[in-house]
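In the working numbering, the protein residues as written are -5 to 127.
Cβ atoms here follow ideal geometry from the backbone N, Cα and C, with glycine treated the same way.
Okay, so here's the structure we're looking at.
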């Protein structure tokens, strides 16, 4: 899923400010090991991102997919290194949105989605479905 079609130019400054505020608070919560806040702020970041894409159908679907994939997405939350990668990607997404680089945004989102899925598959020894390393 990507917001590529909508973000064909730089995002509105209000969107960038909201995402940046959430990303900073998410990073701070992660560094303080407040995993409940990490979880909530991560969901808020993605909800804000996809709502800003202007695709109502996608924005309505995100909470459903967020709930359905919760066990997969949160399996790696205990790993400080993996949380840091996700947080770095949030800031990369913001940078791509700031300049309207939809190709870069799509690449980051794909990587961002793939990592927790692959972590979950490997942690549960589900072979053949994870992205090759």
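Any idea what DSSP makes of residue i, helix, strand or coil?
i: residue 165; result: The structure shown does not extend to residue 165, since the chain spans only -5 to 127, so no value can be given for it.
i: residue -4; result: Unreliable positioning characterises residue -4 in this predicted model, as indicated by a pLDDT of 44, which lies under 50. The coordinate reading is nonetheless provided below. Residue -4: coil per DSSP, three-state reduction.
i: residue 73; result: coil
i: residue 27; result: coil
i: residue 90; result: helix
i: residue 97; result: helix
i: residue 68; result: helix
i: residue 214; result: Given that the chain is displayed from residue -5 to residue 127, the structure contains no residue 214 and the question cannot be resolved.
i: residue 125; result: coil
i: residue 47; result: coil
i: residue 57; result: helix
i: residue 115; result: helix
i: residue 110; result: helix
Report yes if the C-beta distance between residue i and residue j is below 8 Å; otherwise report no.
i: residue 46; j: residue 35; result: no
i: residue 81; j: residue 17; result: yes
i: residue 77; j: residue 32; result: yes
i: residue 92; j: residue 5; result: yes
i: residue 13; j: residue 60; result: no
With distance defined between alpha-carbon atoms, name the residue in the options nearest to residue i.
i: residue 44; options: 84, 110, 79, 93; result: 84
i: residue 3; options: 117, 29, 89; result: 89
i: residue 79; options: 41, 59, 108, 38; result: 108
i: residue 62; options: 37, 125, 101; result: 37
i: residue 100; options: 11, 86, 118; result: 86
Worksheet item: How do the stretch 65 to 78 and the stretch 40 to 54 stand: do at least 3 beta-carbon pairs fall below 8 Å, yes or no?
Response: The answer is no - the stretch 40 to 54 does not touch the stretch 65 to 78, with fewer than three Cβ pairs under 8 Å.
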